[in-house]
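Working notes, structure below.
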DNA sequence: GGAATGACAGATAACAATAATTGTCATTCA
DNA sequence: TGAATGACAATTATTGTTATCTGTCATTCC
């Protein structure tokens, strides 16, 4: 019924487009199938449910975000500065998506609200990255010793205002960046050896 | 039509009871009037709108919270410990209300979501208390110098996980208190002179 | 034979008709 | 005379109905 063979990747792209156009509330599997020119039964051959479709779209985006976040850790910069860059890169990626692609970002927020595994996996990734740079900072003598796991959790908890999608509606504040930097500075100061 | 004269205070109490029983979605001004045994017109003599009623209920509760918070500042304790107690007292007050009186706390959350002046006034109060103890801490040499306004904002932003009603659904986590203490310790460490 | 289809039952959403609530105010009551 | 009432219009919620969607699966088509 179509030229190209139907594969998971193009279904994800079509779903992304449908979510962008209709939003997470109105988007249907039938819309996705219509956009692809196939029956909705064919979509269900590749994805077990509507929820799995949405999760695949958000996972693909979060993979990009995580790449950007991980990229800040490749340089030979000192751990405190690396932690700052890690956090601000994550904030910037989410702020940009929330502003430029609000419907897709809304889908992310919906998944987070319903405790999707995609979102907990993302949190686990960020926690791990933060934990790793804290360990390096402790080893290098930049950060005071402590339980890295608990410290990483505290860093994520303390910055939720700037990365948790429940706060997306407040991300148009003019002083947002200044406030984010103030919190990050406070945290870095708190981690440092004295 | 009733023994006692109708006054604002008893209307607020009746509204509180109706909100507790029906929740913020289902509670109506007619319910309040029925509970008081008066017509709803009489309620409107004392309060201009349904929104004003809900706000009065929440303001009365927040007044109590603010008293508790302010009470932590009366002792002759050093500023860092006072800031810790201030924050943990505020957290505890909200955690308790969310657990013991979920419908009323839900009303607070609803007001916060719709940017009610009651909530911004509460935020302003807490910000001011935090700013004051930071100033004292700087003067006493406990805290490093800095812009008190921005620092207070950073402290509130960094602890939103533990006091913002949008997070109430997560306040049953077993490690909540430990995580709150970890964040507060990190913040206090960040504020301290080095 | 493996991919695609569309008919199907159960669940969900959209809609219009109806009922209840909000807020006002002229009137009543004590 | 000031507080309380209840009729009222405008708005908002609820109900019952209809249409659409989700997910399955026997059948069809390369």
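Residue numbers (my numbering), protein chains in the order written: chain A, 429 to 622; chain B, 429 to 622. Glycine is no exception: its CB is placed at the ideal position from the N, C-alpha and C atoms. Quantities reported herein were computed from a predicted structural model and do not represent experimental measurements.
message: Between residue 589 of chain A and chain B, is the shortest Cβ-Cβ distance under 9 Å, so that the two count as touching?
response: It does: the Cβ of residue 589 of chain A has a partner Cβ on chain B nearer than 9 Å.
task: Classify residue 475 of chain B as helix, strand or coil using the three-state DSSP reduction.
output: Here residue 475 of chain B carries a coil assignment [DSSP, helix/strand/coil].
is_contact[residue 551 of chain A, chain B] using C-beta, thresh 9 Å: Not an interface residue.
message: Cβ closer than 9 Å: which chain A residues qualify as neighbours of residue 617 of chain B?
response: Against residue 617 of chain B, the close residues of chain A are 572, 617, 618, 619, 620 and 622, in the order they occur along the chain (beta-carbon pairs closer than 9 Å).
Beta-bridge pairing of residue 571 of chain A - partner residues as DSSP gives them: Beta bridge pairing from DSSP links residue 571 of chain A with A/620.
- prompt: Span of the alpha helix (DSSP H) holding residue 523 of chain A?
  reply: Run containing residue 523 of chain A: 507-528, per the alpha helix (DSSP H) assignment.
query: If we count Cβ pairs, one from each stretch, closer than 8 Å, do we get three or more for the segment 576-594 of chain A versus the segment 431-440 of chain B?
result: By the Cβ rule, the segment 576-594 of chain A does not count as touching the segment 431-440 of chain B, because fewer than three pairs are nearer than 8 Å.
- request: Show which residues of chain A have a CB atom less than 8 Å away from the CB atom of residue 581 of chain B.
  value: In chain order: 607 and 610.
message: Taking its Cβ as the centre, do 16 or more other Cβ atoms sit within 10 Å of residue 627 of chain A, making it buried, or is it exposed?
response: The shown model of chain A, from 429 to 622, leaves out residue 627 of chain A, and the question about it has no answer.
- request: Let me know the secondary structure DSSP gives residue 544 of chain A once reduced to three states.
  value: Coil.
Residue range of the alpha helix (DSSP H) that includes residue 464 of chain A: Element bounds for residue 464 of chain A: 457-464.
message: With a threshold of 9 Å between beta-carbons, can residue 558 of chain A be considered close to chain B, or not?
response: Chain B places no beta carbon closer than 9 Å to that of residue 558 of chain A, leaving this residue out of the contacts.
query: Where residue 533 of chain A and residue 493 of chain A are concerned, what is the direct C-alpha to C-alpha distance, given to the nearest angstrom?
result: Residue 533 of chain A and residue 493 of chain A have their C-alpha atoms some 13 Å from each other.
- request: Under 7 Å between beta-carbons, which chain A residues line up against residue 594 of chain B? List them in chain order, please.
  value: Counting only Cβ-Cβ distances below 7 Å, residue 594 of chain B has contacts in chain A at 594, in chain order.
- prompt: Are the Cβ atoms of residue 515 of chain A and residue 443 of chain A separated by less than 9 Å?
  reply: Taking 9 Å as the Cβ cut-off, residue 515 of chain A and residue 443 of chain A do not qualify as a contacting pair.
task: Below 7 Å between beta carbons is the criterion; list the residues of the segment 529-553 of chain B that meet it against any residue of chain A, in chain order.
output: Answer in chain order: no residues at all.
query: By the criterion of Cβ-Cβ separation under 7 Å, what are the contact partners of residue 555 of chain B in chain A?
result: Listed along the chain, the chain A residues whose CB falls inside 7 Å of the CB of residue 555 of chain B amount to none; the nearest CB is some 12 Å away.
- request: Please classify residue 434 of chain B: does DSSP put it in a helix, a strand, or coil?
  value: DSSP places residue 434 of chain B in coil when its eight states are reduced to three.
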